[in-house]
Structure formats: structure tokens, C-alpha cells
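Student:
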Amino acid sequence: MPGFDEYCEEIRDLWDSRWLTNKGAKHEKLREDLKRYLGISGVSLFANGHLALEAAISAFEFAPGSEVITTPFTFVSTVNAIKRCGLKPVFCDIDRSTYTLDPSKLDALITERTCAVLPVHVYGNICDTEEIDRIAKKHGLKVIYDAAHAFGVICNGKGVASFGDASMFSFHATKVFHTVEGGAVCYSDSELANKFGVIKNFGLNPKGDCVYTGGNAKMSEFHAAMGICNLRHIDSEIAKRKTAAERYRYRLSGKDGIILSPISDRATSNYAYMPVVFDGFTAERDQIRDKLKECSVLARKYFYPAVNEMCIYAEDSEKTPVAHDIASKVLCLPLYADLDTAAVDEICDIILSF
Ligand SMILES: *Cc1c(COP(=O)(O)O)cnc(C)c1O
268 MPGFDEYCEE IRDLWDSRWL TNKGAKHEKL REDLKRYLGI SGVSLFANGH LALEAAISAF
328 EFAPGSEVIT TPFTFVSTVN AIKRCGLKPV FCDIDRSTYT LDPSKLDALI TERTCAVLPV
388 HVYGNICDTE EIDRIAKKHG LKVIYDAAHA FGVICNGKGV ASFGDASMFS FHATKVFHTV
448 EGGAVCYSDS ELANKFGVIK NFGLNPKGDC VYTGGNAKMS EFHAAMGICN LRHIDSEIAK
508 RKTAAERYRY RLSGKDGIIL SPISDRATSN YAYMPVVFDG FTAERDQIRD KLKECSVLAR
568 KYFYPAVNEM CIYAEDSEKT PVAHDIASKV LCLPLYADLD TAAVDEICDI ILSF
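In case it helps, my numbering puts the sequence shown at residues 268 to 621.
1. Return the chain-ordered list of same chain residues with a C-beta closer than 8 Å to the C-beta of K296, the five sequence neighbours on each side being excluded.
2. Tell me whether L320 counts as near ligand 1, meaning its Cβ is closer than 7 Å to at least one heavy atom of that ligand.
3. Closer than 8 Å by C-beta to Y540: which residues in its own chain qualify, once you throw out the five before and the five after it? Chain order, please.
4. Who sits around ligand 1, taking every residue whose Cβ is closer than 6 Å to one of its heavy atoms?
5. So, are the CB atoms of F313 and A322 less than 8 Å apart?
6. Give the straight-line distance between the Cα atoms of Y366 and D280, rounded to the nearest whole angstrom.
7. Near S437, what residues of its chain come up, given a Cβ to Cβ distance below 6 Å and the 5 sequence neighbours on each side ignored?
8. For C477, which residues does DSSP report across the bridge?
9. Is the beta carbon of T365 within less than 7 Å of some heavy atom of ligand 3?
10. Just checking my contact of S311 with F463 at CB under 8 Å: how many whole Å lie between their CB atoms?
11. Below 8 Å on the Cβ atoms is my contact criterion, and I expect H445 with P269 to pass it. Report the Cβ-Cβ distance as a whole number of Å.
12. Give the single residue among R351, P331, W282, F327 whose Cα lies nearest to the Cα of I579.
13. Would you tell me roughly how many angstroms separate the C-alpha atoms of L318 and I505, rounded to the nearest one?
14. Give the straight-line distance between the Cα atoms of V478 and T345, rounded to the nearest whole angstrom.
15. Counting only the same chain and skipping the five closest in sequence on each side, list residues whose C-beta sits under 6 Å from that of K606.
16. For D567, list the residues DSSP reports as bridge partners.
17. Find out if the Cβ-Cβ distance for the pair I324, A348 is shorter than 8 Å.
18. Where DSSP assigns a beta bridge to P339, which residues make up the other side?
19. Can you grab the Cα-Cα spacing for the pair V465 / L301, in whole Å?
20. Going by other Cβ atoms of all chains shown within 10 Å of its Cβ, with 16 needed for buried, is I530 buried or exposed?
21. When the Cα of D432 is compared with those of I525, K290, E458, which residue comes out closest?
22. Unbroken beta strand (DSSP E) runs of length 3 or more, entirely within the region 407-464: which are they?
23. According to DSSP, which residues form a beta bridge with F545?
24. Going by DSSP, what residue range makes up the beta strand (DSSP E) through T381?
25. Enumerate in chain order the residues of its own chain whose CB-to-CB distance from H591 is below 6 Å, with the five nearest sequence positions on each side excluded.
26. DSSP three-state label for G316, please.
27. Can you grab the Cα-Cα spacing for the pair G306 / D546, in whole Å?
28. Spatial neighbours of T381 within its chain, please: C-beta separation below 8 Å, excluding the five flanking residues on both sides.
29. Quick one: what does DSSP say G391 is sitting in, helix, strand or coil?
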């Protein structure tokens, strides 16, 4: 969180303007700040990441019942968004080292009903955007990225928001950059700006006519003010996380049965998560999680179960064996800016005591 006084100072003008939501001055300032930070001309702000993703999907007006290819190794929000837009999720397996959509499995899943691909930059690991783009272009498919984990990542010199037809970011309190609750869709096609303005405001156009069955997904001034403050400190937030993440790597790398995400040579990291895969280690993932919990350390089974093992999406999970396997072995260790070296060491000592 920003300093209490810094936030209070930021919201002071709201007591003069009495403008609390609906595209106020804070909302517009945050939008400009984010355009600069993310290096993209199109940014639309939303009440949360989930509604931003639903808006991104619905903006392309796909035929009802069309298929959207995504992966089961994601937060269930990704798949619910597809379903709630009246479309059918189709699950593609993931790559074993980055945990993102495996493009070599994509072609076999494309049918005449496929309208889009919705890959996820899991843990901030950037998808194979070139290969996904190439396949999508060949088949005339839209590409919408769930970039909820990838705020601020630069890949091959380009901001992550510039890939595909649209990218969704989540600004939930648990994310690297947050507005308490909030989210955004980023895009390069300037036509989309007005469309998102309509979608998130009940489908009402500037003349007050309802042209779309929109809901309410607007970001308030208080949330935007939190974002303005947090964005001022984002670089030091990420730098502090980096220190903690590097300590974890120093302690855990090279240990038998402990697999860490590879360090990418084409993309920066925002150090959003510290995923560890236990494969052939002296203890199972769940035992390690329980032991950490006994010591008041909250590590998350994130993502577990895979979405296609959850009851409303359940299918034969052997269709996506890699996602199934990783979901059963991954644990996300605590990672946040104020996590000091002594605490990281304590957590690693518990793990390595097995
Ligand atoms: C957080 C998250 C979402 C949902 O974002 P909210 O802002 O919480 O609505 C969607 N997808 C992924 C991968 C996420 O991590």
C-alpha cells in the first residue's frame, strides 16, 4: 500500500469536485499514466480484471457458441469469462517449462467454430506470442491474452500489452500493481476505446441510447487514486520482490526434485510469483504445504486443481497431461516487497529440512 498520507493527499480534490466515478479526473490520470508505463495507446479501465476480460471477449462480437481455445492451467476466471460470454472453452495443454499454452498443440484443436485463442501469461512468463500469432493469423482467429500476472513485463523490447488483439490486466489487491479491485484492457486498435466505454456503462452510447447489453464495470475515482499512488512506487516494489526472488533461487536451485521457472532471455520479470514444482523431491507438494502452514507460512496451491478438473468444466484431464501434472506438483511460495532475506531463509530451511 502507498503511505496513508500519500493516499489521503491524492483523494483530497474529490471533496471539492464531488466527482466520485464515471470517468473522473483520477480515472483519466491513471489511464494516461498507464499508457506511458505500459507503452500502449489503448487502455480502458474496469472495476476488476474479470469484467475487463469479459469486455475484451465480447467486444469482438463472436457468434454465440463459438469456441475459444485456452488452457486449464489458469485461474478459473479466464474460463468463466469465456463461458459467461456465451462461448465454449476448449482446453489446450501447456508447455512444461513456462506453464503457458503450448502452440504445438494448437492446430489440432482448431475447428470451423473456433473464433479466438485466449492464452495466459502464467506467473508473468510470456507465452510464445510469435508462434501463437502465426497460427491465429493463418486461421483468422483473434488473440486475447490474459495478462493478469504480467503487469509491466517487457518482451523482446516491447511491452507485454502490445501482443495480440487485446490484453487483460488485473489490478486486484493480490497483484504486483493494484487499485484494490480493478483491471484494464489494452489494445492497439483505437476503435475499441469507444466500444469499451459503452460496454462498461450499461451499453449506453454517448446519446443515451442502449446499443449493447452492457453491465456496469466502471472504475471509481477512489480506486483510480490508489492506482496513481501505487504506480509511483512500482519500480521499487518490483526491485524489492526481485531481491527476495533471487534469494529463493540461491537457496533452492540445483536441489534434487525442485524445479524453478527458467529465467527468460527474451523477457523481463515482474517477480509476481515464486512457483516451485516438486517433482521427485523427498516430500510431496501437499506435505510441504502443510508443514509450511504449521509454521504460519501460507504457500498457495496455485493453480490447483486445473480448471478442467473442476466440476463444471470436468473432462478427461488426460487430454492435458502436462497441466494436470504441474497442477499436482506446484506450490507458490510467499513473495512480496517486504519479505526480507531472513524470512526467505526460514521458508527455505523448512522446505529443505525434508
Ligand atoms: C487475478 C486473475 C484474474 C481475475 O482478475 P480480478 O481482478 O481478480 O477480477 C483473471 N485471470 C488470472 C490469471 C488472474 O490471476
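We put the beta carbon where it would ideally sit given N, CA and C, even for glycine.
Tutor: Let me spell this out:
1. A491, I495
2. yes
3. Y390, G391, H416, Y569, C599, L602
4. N315, G316, H317, T341, F342, S344, T345, V387, D413, A415, H416, S437, H439, G450
5. yes
6. 44 Å
7. G316, A415, G450
8. L471
9. This structure simply doesn't include ligand 3; it includes ligand 1 instead.
10. 4 Å
11. Going by Cβ atoms, the distance from H445 to P269 rounds to 11 Å, so no, they are not a contact pair.
12. R351
13. 26 Å
14. 26 Å
15. A small fix is needed here, since residue 606 is Leu in this sequence, not Lys. Excluding positions up to five away in sequence, the list reads A511.
16. A quick correction: the sequence has Arg, not Asp, at residue 567. R567 is bridged to C599.
17. yes
18. P339 pairs with nothing; no bridge assigned.
19. 21 Å
20. exposed
21. E458
22. 409-413, 433-437, 450-454
23. I525
24. 381-384
25. A573, S584
26. helix
27. 39 Å
28. S333, E334, V335, I336, V357, H406, L408
29. helix
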